[in-house]
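One structure is given below, encoded as structure tokens.
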Amino acid sequence: MKVSYFPGCTLKNKAKDLDLYALRSAEALGVTLEEIENWQCCGGVFTTAEDEVATKLSSVRALKYASDRSQPLVTVCSACHNVIKQTNYAMQNNKAFADKVNRYMAEDGGYNGEAEVYHYLEMLRDLVGFDTLKEKVANSLKGKKIAAYYGCLLLRPGKAMGMDDPENPTIMEDFIRALGADAVIWAKRNECCGGYISVESPETAKKNSNAVIRNAKAAGAEMIITACPLCKYNLEKSGADIPVVYITEILAEALGVKEDTNA
Amino acid sequence: MHNTEYLRDEIIRISGANPAKCMRCGKCSATCPAYDEMEYHPHQFVNMVECGDIEPLLNSESLYMCLSCFACIERCPRGVEPAKFVEAVRLTAIRQQGANRLTADNVPPIVDEDTPQQLLVSAFRKYTK
Ligand code: SF4
Ligand code: SF4
Numbered sequence: 000m001k002v003s004y005f006p007g008c009t010l011k012n013k014a015k016d017l018d019l020y021a022l023r024s025a026e027a028l029g030v031t032l033e034e035i036e037n038w039q040c041c042g043g044v045f046t047t048a049e050d051e052v053a054t055k056l057s058s059v060r061a062l063k064y065a066s067d068r069s070q071p072l073v074t075v076c077s078a079c080h081n082v083i084k085q086t087n088y089a090m091q092n093n094k095a096f097a098d099k100v101n102r103y104m105a106e107d108g109g110y111n112g113e114a115e116v117y118h119y120l121e122m123l124r125d126l127v128g129f130d131t132l133k134e135k136v137a138n139s140l141k142g143k144k145i146a147a148y149y150g151c152l153l154l155r156p157g158k159a160m161g162m163d164d165p166e167n168p169t170i171m172e173d174f175i176r177a178l179g180a181d182a183v184i185w186a187k188r189n190e191c192c193g194g195y196i197s198v199e200s201p202e203t204a205k206k207n208s209n210a211v212i213r214n215a216k217a218a219g220a221e222m223i224i225t226a227c228p229l230c231k232y233n234l235e236k237s238g239a240d241i242p243v244v245y246i247t248e249i250l251a252e253a254l255g256v257k258e259d260t261n262a
Numbered sequence: 000m001h002n003t004e005y006l007r008d009e010i011i012r013i014s015g016a017n018p019a020k021c022m023r024c025g026k027c028s029a030t031c032p033a034y035d036e037m038e039y040h041p042h043q044f045v046n047m048v049e050c051g052d053i054e055p056l057l058n059s060e061s062l063y064m065c066l067s068c069f070a071c072i073e074r075c076p077r078g079v080e081p082a083k084f085v086e087a088v089r090l091t092a093i094r095q096q097g098a099n100r101l102t103a104d105n106v107p108p109i110v111d112e113d114t115p116q117q118l119l120v121s122a123f124r125k126y127t128k
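As given, the protein sequences belong to chains Y and G, one line each in that order. Note that numbering that gives the first Met the number 0 has the first sequence beginning at 0, numbered continuously upward. Note that numbering that gives the first Met the number 0 has the second sequence beginning at 0, numbered continuously upward.
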């Protein structure tokens, strides 16, 4: 199966592992991630304002690219996923916004929200299947207690993300179990690490991140997994004394394709 | 500067949300991870916008403390989406000439070897026009 892939700026720089392990693991599961040509940065956070149009065009172009090829659009980074899905939701549900966007993009042909967007975890659940994933596991992570950290961007706003129940999600826990490990359930798994506030107020980011880590550890976690480079950064900078690992890294490890990627 | 009524209507128009739906339950503020850092809390944004009390919000540090975590948007039982007002007021503030919160000169001291691109891109999206 071939899908259009939007890596985003961080996966090409500071989060190269997230990208490499995503590509390698998908290949092992029979999915080829075809990188969108000339993709542009999503902007990191969605702007909810009705009159912000130009800042959302890079997402619309990526969406249109996938829809022109009749391919699902797959993202890995939580932020890209959030921005692109919220933009697609606006294209589908906000006529005035879609009209303005299509004026900008008149020469490229219209776009009205036809693309189907999948986060990498949704791709595993809905296109590959967690049962299939389970069968492909070569190195079971049995006995490992892992806390799934959703943060804010994967699930909210629920009506635009459509990924899982935003208050009681299971997709990441099901992913952990498919790899043979134990999923720890904890209260702060869908609360914010502080996000970009670390620019404005590092103390606030530290406070939020510390609360997340404390809660995961109190629930017995030996490791926290995330799909978000900023969550990883904030948790680690706040002095995490527990490994914070990308979802694709434990996936590559379990599938037995991790080592080759260091070449 | 604009008259109060114009500014109020403009903020509501930019936000795409409706403050009149609020029933003042305070759930948005109770769930807000930036509550302690905010002078005006999410439910106050909603109420002050509805009353046209925009100037204090425009000049408040609270604008830069919202994390865009969408918790208040998800959890408001009335679908008011408070963060949309925070965003509309912040944009109105930073769209004024010379009012950018973050400039390229601010970046070197906050960057370390692990800083993800996502952090800078997001901060510029929120703090700069
Ligand atoms: S949660 Fe919604 S209804 Fe309750 S105070 Fe906040 S905006 Fe108003
Ligand atoms: S989006 Fe902003 S105002 Fe709303 S809960 Fe999050 S930090 Fe608070």
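All C-beta atoms, glycine included, are put in the ideal place defined by N, C-alpha and C. Because the structure is a prediction, the values reported are computed rather than measured.
Cβ pair residue i, residue j closer than 8 Å
i	j	result
Ser77 (chain Y)	Ala114 (chain Y)	no
Lys125 (chain G)	Ser14 (chain G)	no
Val44 (chain Y)	Ser61 (chain G)	no
Asp18 (chain Y)	Leu28 (chain Y)	no
Asp125 (chain Y)	Tyr117 (chain Y)	yes
Ala159 (chain Y)	Val183 (chain Y)	no
Ser24 (chain Y)	Thr247 (chain Y)	yes
Val82 (chain Y)	Gly42 (chain Y)	yes
Lys144 (chain Y)	Gly219 (chain Y)	yes
Gln116 (chain G)	Lys84 (chain Y)	no
Thr46 (chain Y)	Glu86 (chain G)	yes
Lys135 (chain Y)	Gly179 (chain Y)	no
Pro168 (chain Y)	Tyr149 (chain Y)	yes
Glu80 (chain G)	Ala16 (chain G)	yes
Leu132 (chain Y)	Leu123 (chain Y)	yes
Cys27 (chain G)	Pro41 (chain G)	yes
Gly78 (chain G)	Thr3 (chain G)	no
Ala279 (chain Y)	Asn214 (chain Y)	Look at the range of chain Y in this structure, 0 to 262, and you will see that residue 279 (chain Y) is not part of it.
Tyr20 (chain Y)	Leu250 (chain Y)	yes
Val127 (chain Y)	Val30 (chain Y)	yes
Thr203 (chain Y)	Glu36 (chain G)	yes
Asn111 (chain Y)	Ala95 (chain Y)	no
Asn7 (chain G)	Ile53 (chain G)	Just to set this straight, residue 7 (chain G) is Arg in the shown sequence, not Asn. A contact, by the Cβ cut-off of 8 Å.
Glu252 (chain Y)	Asn138 (chain Y)	yes
Lys216 (chain Y)	Ile241 (chain Y)	yes
Tyr245 (chain Y)	Asp16 (chain Y)	yes
Supposed close pair residue i, residue j - CB separation, criterion 8 Å
i	j	result
Val198 (chain Y)	Ile10 (chain G)	Wrong, their Cβ atoms sit about 25 Å apart, outside the cutoff.
Ala48 (chain Y)	Leu56 (chain G)	Between Leu56 (chain G) and Ala48 (chain Y) the Cβ distance is about 15 Å, and since that is not below 8 Å, they are no contact.
Leu154 (chain Y)	Asp163 (chain Y)	6 Å
Val120 (chain G)	Cys79 (chain Y)	That pair is no contact at about 10 Å.
Pro156 (chain Y)	Ile72 (chain G)	5 Å
Pro76 (chain G)	Cys31 (chain G)	Incorrect: roughly 15 Å between the Cβ atoms, too far for contact.
Val52 (chain Y)	Val100 (chain Y)	6 Å
Glu34 (chain Y)	Pro6 (chain Y)	6 Å
Gln70 (chain Y)	Ser57 (chain Y)	Rounded, the Cβ-Cβ distance is 18 Å, inconsistent with contact.
Met47 (chain G)	Tyr39 (chain G)	7 Å
Contacts of residue i in chain Y (Cβ-Cβ under 9 Å)
i	result
Ser121 (chain G)	Gly42, Gly43, Val44, Ala78, Gly194, Tyr195, Val198 and Leu229
Glu4 (chain G)	Under the 9 Å cutoff, chain Y gives no residues; its nearest Cβ is about 19 Å from Glu4 (chain G).
Glu54 (chain G)	Near Glu54 (chain G) there are no residues of chain Y at all, since even the closest Cβ is about 19 Å away, more than 9 Å.
Ala70 (chain G)	Cys151, Arg155, Asn189, Glu190 and Cys191
Ala82 (chain G)	Thr47
Ile101 (chain G)	Looking at the sequence itself, residue 101 (chain G) is Leu, so the reference to Ile does not match. Chain Y residues near Leu101 (chain G): Val198 and Glu199.
Closer than 7 Å at the beta carbon, the chain G residues around residue i
i	result
Asp50 (chain Y)	Ile13
Glu9 (chain Y)	The amino acid occupying residue 9 (chain Y) in the given sequence is Thr; Glu does not appear at that position. Result: Pro115, Gln116 and Gln117.
Glu190 (chain Y)	Pro32
Partner residues on chain G for residue i, Cβ-Cβ distance less than 8 Å
i	result
Asn12 (chain Y)	Pro115 and Gln116
Gly157 (chain Y)	Glu73
Thr203 (chain Y)	Ala33, Glu36 and Met64
Pro165 (chain Y)	Glu73
Closer than 7 Å: residue i CB and nearest ligand 3 heavy atom
i	result
Cys50 (chain G)	Only ligand 1 and ligand 2 can be found as ligands here, which leaves ligand 3 out of the picture.
Proximal residues of chain Y, C-beta to C-beta of residue i below 7 Å
i	result
Ile109 (chain G)	Val198
Ala87 (chain G)	Ala48
Ser67 (chain G)	Val44 and Gly194
Leu90 (chain G)	Ala48
9 Å Cβ cut-off: residues of chain G touching residue i
i	result
Tyr232 (chain Y)	Asp113, Thr114, Pro115, Gln117 and Leu118
Thr54 (chain Y)	Arg124
Chain C within 8 Å of residue i, Cβ atoms only
i	result
Asn207 (chain Y)	Of the protein chains in this structure, namely Y and G, none is chain C.
Could you please go through the chain and list the residues whose beta-carbon is closer than 5 Å to any non-hydrogen atom of ligand 2? G:Cys31, G:Ala33, G:Pro41, G:Cys65, G:Leu66, G:Cys68, G:Ala70, G:Cys71 and G:Ala82
Any contact between the segment 50 to 64 of chain Y and the segment 78 to 92 of chain Y? By contact I mean 3 or more CB pairs, one from each, below 8 Å. yes
Are the segment 220 to 236 of chain Y and the segment 191 to 211 of chain Y in contact at 8 Å, needing three or more beta carbon pairs? yes
Using 8 Å as the threshold, is the segment 198 to 210 of chain Y in touch with the segment 233 to 241 of chain Y, meaning 3 or more CB pairs across them? yes
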